[in-house]
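Novice:
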Amino acid sequence: MNEVRVRIAPSPSGFLHIGTARSALFNWLYARRHGGKFLLRIEDTDTERSSKEMIDVIFESLKWLGLDWDEEPVYQSQRIDLYREHVDRLLESGRAYPCWCKPEVLKAKQQEAMKSKQNPRYDRTCYNLPEDEKKKLIDSGEKYATRLFIDDGATTFDDLVVGTVTKEHKELDDFIIARSDGRAVYNMAVVVDDHDMRISHVIRGNDHVSNTFKQILIYKALDIEPPKFAHIPLILGKDRSKMSKRDGAAGVTDYGRMGYLKEAVVNFIALLGWSPGDDREVMTIDEIIESFSLERISTANAIFDTEKLRWMNGEYIRACDNHKLVDLIRPFMVESGLVTQLWINSRWDWMMRYVSIFKERCQLLPEFAEQGRFFFADRIEFDHKGVEKHFNKEGVPALLGKWIDVLGGMEDFTVEKLEGALRGLAETLEVKPAALIHPTRLALSGETKGPPLFDMMELLGPEKCLERLKRAREFIKNSGERA
RNA sequence: GUCCCCAUCGUCUAGCCCGGUCUAGGACACUGCCCUUUCACGGCGGCGACAGGGGUUCGAAUCCCCUUGGGGACGCCA
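Under the numbering used here, the residues of the first sequence are numbered 11 to 493, in order.
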C-alpha cells in the first residue's frame, strides 16, 4: 500500500472554522493511524482577502488543537505558474479551450435558461467558433477564460464514506478552469496541488462532492491518477444549516476563549460523525487514533450540540490535575479582575487547593472565577433568599456569637479541626450541625450553595472567616431592629 | 428550479454492509430516588426513536421501490 498522505487546505479567512477543524482532525487522525503524513496547504489565491495575520490564526488554531503537520506548508499564492503550466497543457492537448464570452452575456443566458426551467449550461459558443476567427482572437491578444471540454457520459467514483456516487455529464458544464487574467480557478489548483503533493486521500466536507466530479474530470484530462476521496458529513448549527458565526463560535480559538479545554473540543468534534463502535465517549487522543477508521464515519450530517460539549468539558476539567488547572484558569482569573498574574504565581499552592474545591462544579474555565468570587471580594452581598432562610431565624446571632468564640480560640484552622469544632459546638448547644453550617456558609460566601464549608473555611483563613462572621452577626441584628 | 447526498430517542450515536440474538444499546439534556451541611460530583431508576407507505422474506431498524422530510452544490469565490 502506498504511503498515506493527507492534507487540510484552509483558506485564510481570519479564523479556523469548526468544520474545517474537524476535517483537519479527521485527516490528522487518519495520517496518525496509518503512519502517514498530514500536510497543510494554505489556499490564499484570493490575495485581497488573505493576510499574514489570518494565516497565523490558522497555524495557531491547528497548534492549539494539537494537530501538527509534517512538512512545510504549501502556499497556493506561490504556485500560480505551476497551475498555469497545467492549464496550458490542457489547452495544447485540446482538452480545454479558450472562451471569450463576456460575463454579462453569460449571465443573461443563464437567466434565460432558468426562466425556461432549463439547467443553465454553457452553450459552447466559443468552442464552435470557426477556426480562423479563433485564430484572429488569439492573435489579437484578446483576454480569454479557459474552459474544460466535457464530453458525454458520466463520472462515477467510490467514496470511502458515502459509497458510489455518479454524475451525468449533461448536468455539468464546460466549466472554467482559468480566469481571463490567466489565473487558475480553485478546482484546477486543487487538482494540481493534490497531485503535486502526492496526496493519497482527500478527506473533506460533504459540501465538496460536487467539486469532486469536476476535479476528477480534470485529473482525467491531465491524464493523472486521482486520489481516494472520503466526504465526511457536515456539522450543522442549531438551525440545521451549515454552521456559521451565528451559532456562537465559528472559530476554534473562540472555544478556547470561552473556556473549553482543547482536549474536550477535539474529543467532542471527533465524535461528530464518527464513533469508535462501542460505548466509549471520553477518550484520550491516543485511544481515538487507535480506533479511528474512515469506515466508521457516518453518512448523516450532525448538529453541533453545545450542551454536550459543555458536559464533556466538565469531564475534562474534573480529570485535569490541579497544577495544570491553575495554569488554565489563570487568564480567566486575571480577566475577571479578581487577581493578578503575579498574585497567582506567588500563591500557587493556595490556587491548587482553590481549583480542587471548585473543579467538580465547573464546566467552563471562567466559572472558576465566577464561583469563587467571594474569596477575593472585600465585601460580600448576602443572597436574599438565603437571608430569609438562614439569617432571619430565632437565635442565629447568638449561635454565630458562640461559633465566633470557638473559632477565635482555635489553633489549627484545618478542615478536620473545623469540622470537629462545629459538630462539638452543635452538640453542646443541642442543635443540628446544619443550623450552624448554613448561616456560616451564607456569612462567608454570601451564597447558599458552594463547596464543602470546611474546605472553604480552611482556604479562606481565620481572619477572613472571623471578620465575615462578625459582619454577618451585625447585619442580622441591624436588620432585626429595622423590622 | 436542476442535480447530488442523507434519514434510529429533542441532540450525538450503536445496531444496518453479512436480515432472526432488538420487548432497539450508550451518552447529553430533562426527570425520580440515594449519597450529603448546600450546590455539584457520583450511584441506581424513569421519560424518550427505527419518518410514512409499499414490496422481498417464514421473519426487516437492517434488502428494494415510492412518498415525505432534511442538507448540500449549482461563480472568471475558495
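All residues carry an ideal CB built from backbone N, CA and C; glycine is no exception.
All of these numbers come straight from a predicted model, not from anything done at the bench.
Does tryptophan 195 come out as helix, strand or coil in the three-state DSSP assignment?
Specialist: Looking at the sequence itself, residue 195 is valine, so the reference to tryptophan does not match. Note: valine 195 maps to coil in three-state DSSP.
Novice: Enumerated in chain order, which unbroken segments of the alpha helix (DSSP H) with a length of 4 residues or greater are wholly contained in the region 361-410?
Specialist: If we require 4 residues or more, the alpha helix (DSSP H) runs fully inside the region 361-410 come out as 377-381, 383-386.
Novice: From isoleucine 500 to lysine 145, what distance separates their C-alpha atoms?
Specialist: Since the first residue of the chain shown is 11 and the last is 493, residue 500 is not available in this structure.
Novice: Would the region 409-417 and the region 477-485 be scored as touching if the rule is three or more Cβ pairs under 8 Å?
Specialist: They touch, by the three-pair rule.
Novice: Could you spell out the range, first to last residue, of the alpha helix (DSSP H) harbouring aspartate 66?
Specialist: Run containing aspartate 66: 62-75, per the alpha helix (DSSP H) assignment.
Novice: When burial is assigned at 16 or more other CB atoms within 10 Å of the CB, is arginine 290 buried or exposed?
Specialist: Looking at its Cβ environment, which holds fewer than 16 other Cβ atoms inside 10 Å, arginine 290 is exposed.
Novice: Closest to isoleucine 498 by C-alpha separation, out of Thr316, Ala312, Met268, Gly287, would be which residue?
Specialist: This structure leaves residue 498 out entirely; the chain is present only between 11 and 493.
Novice: Between which two residues does the beta strand (DSSP E) containing isoleucine 228 stretch?
Specialist: Looking at the DSSP string, isoleucine 228 is not in any beta strand (DSSP E); the run it does join, the alpha helix (DSSP H), is 219-232.
Novice: Can you give me the Cβ contacts of lysine 442 inside the same chain, cut-off strictly under 6 Å, excluding the 5 residues immediately before and after it?
Specialist: Cβ within range, chain order: n/a, list empty.
Novice: What do you get for glutamate 114, buried or exposed, if any count of 16 or more other CB atoms within 10 angstroms of its CB means buried?
Specialist: Exposed: under 16 other Cβ atoms inside 10 Å.
Novice: To the nearest angstrom, report how far apart arginine 99 and isoleucine 68 are at their CA atoms.
Specialist: Rounded to the nearest angstrom, the two C-alpha atoms are 33 Å apart.
Novice: Let's test the definition: count the other Cβ atoms within 10 Å of the Cβ of glutamate 468 and tell me whether it reaches 16, buried, or not, exposed.
Specialist: Label assigned to glutamate 468: buried.
Novice: At the level of alpha carbons, what is the spacing between serine 308 and lysine 224?
Specialist: Going by the C-alpha atoms only, they are around 24 Å apart.
Novice: Just the Cα atoms here: how many angstroms apart are histidine 179 and threonine 222?
Specialist: Approximately 13 Å, taken between the alpha carbons.
Novice: Taking 7 Å as the cut-off, decide whether the C-beta atoms of alanine 194 and valine 97 are in contact.
Specialist: A contact, by the Cβ cut-off of 7 Å.
Novice: Near glutamate 152, what residues of its chain come up, given a Cβ to Cβ distance below 8 Å and the 5 sequence neighbours on each side ignored?
Specialist: Excluding sequence neighbours, glutamate 152 sits near Trp110.
Novice: Would you grab the beta carbon distance between tyrosine 40 and phenylalanine 302 for me? Rounded to a whole angstrom, and I think it's under 8 Å.
Specialist: Contact flag correct, Cβ pair sits at about 7 Å.
Novice: Which residues mark the beginning and the end of the beta strand (DSSP E) in which glycine 215 is found?
Specialist: Glycine 215 -> beta strand (DSSP E) spans 211-215.
Novice: Determine the extent of the beta strand (DSSP E) in which isoleucine 148 is found, giving its start and end residues.
Specialist: That residue, isoleucine 148, is in no beta strand (DSSP E); its alpha helix (DSSP H) goes 141-150.
Novice: Considering only residues of the same chain and omitting the five flanking positions on each side of arginine 451, which have a CB-CB separation below 6 Å?
Specialist: Excluding positions up to five away in sequence, the list reads Leu463.
Novice: Give the straight-line distance between the Cα atoms of valine 219 and arginine 43, rounded to the nearest whole angstrom.
Specialist: When rounded, the distance between both Cα atoms is 24 Å.
Novice: Quick one: complete beta strand (DSSP E) runs, 3+ long, within the region 80-115?
Specialist: You should have 106-109.
Novice: In the DSSP assignment, what residue or residues form a beta bridge with tryptophan 284?
Specialist: In DSSP, tryptophan 284 forms a bridge with Ile307.
Novice: What did DSSP end up calling isoleucine 160 once you bin it into helix, strand or coil?
Specialist: Looking at isoleucine 160 - three-state DSSP - the assignment turns out to be coil, as it is neither helix nor strand.
Novice: Distance, Cα to Cα, arginine 256 vs valine 406?
Specialist: Each residue's Cα considered, the two are about 51 Å apart.
Novice: Going along the chain, which residues of its own chain have a beta-carbon closer than 6 Å to the beta-carbon of arginine 320, five neighbours each way excluded?
Specialist: These residues qualify, in order along the chain: Gln373.
Novice: Go through its chain and collect everything with a Cβ distance to aspartate 168's Cβ below 6 Å, but skip five positions before and after it.
Specialist: Taken in chain order, the residues that qualify are Thr174.
Novice: Helix, strand or coil for arginine 15, going by three-state DSSP, please let me know.
Specialist: DSSP places arginine 15 in strand when its eight states are reduced to three.
Novice: Check whether the Cβ atoms of alanine 274 and asparagine 323 lie closer than 7 Å to each other.
Specialist: Yes, Cβ-Cβ distance for alanine 274 and asparagine 323 is below 7 Å.
Novice: Would the region 423-436 count as touching the region 393-407 if we require 3 or more Cβ pairs under 8 Å?
Specialist: With a cut-off of 8 Å, the region 393-407 and the region 423-436 do not count as touching, because too few Cβ pairs lie within range.
Novice: With 16 other CB atoms within 10 Å as the buried threshold, where does aspartate 233 fall?
Specialist: With fewer than 16 Cβ atoms within 10 Å of its Cβ, aspartate 233 is classed as exposed.
Novice: Which partner residues does glycine 261 have in the DSSP bridge list?
Specialist: Partner(s): His27.
Novice: If you reduce the DSSP assignment to three classes, tell me which class glycine 456 lands in.
Specialist: Of the three classes helix, strand and coil, the one that applies to glycine 456 here is coil, per DSSP.
Novice: Whole alpha helix (DSSP H) runs in the region 299-349 with 4 or more residues, listed along the chain?
Specialist: Runs of the alpha helix (DSSP H) inside the region 299-349: 316-329, 332-345.
Novice: Could you give the distance in angstroms between the alpha-carbon of serine 33 and the alpha-carbon of leucine 282?
Specialist: Going by the C-alpha atoms only, they are around 11 Å apart.
Novice: Only counting the same chain, and skipping five residues up and downstream in sequence, which positions put a Cβ closer than 6 Å to that of asparagine 216?
Specialist: Correct list, in chain order: His241, Pro243, Leu244.
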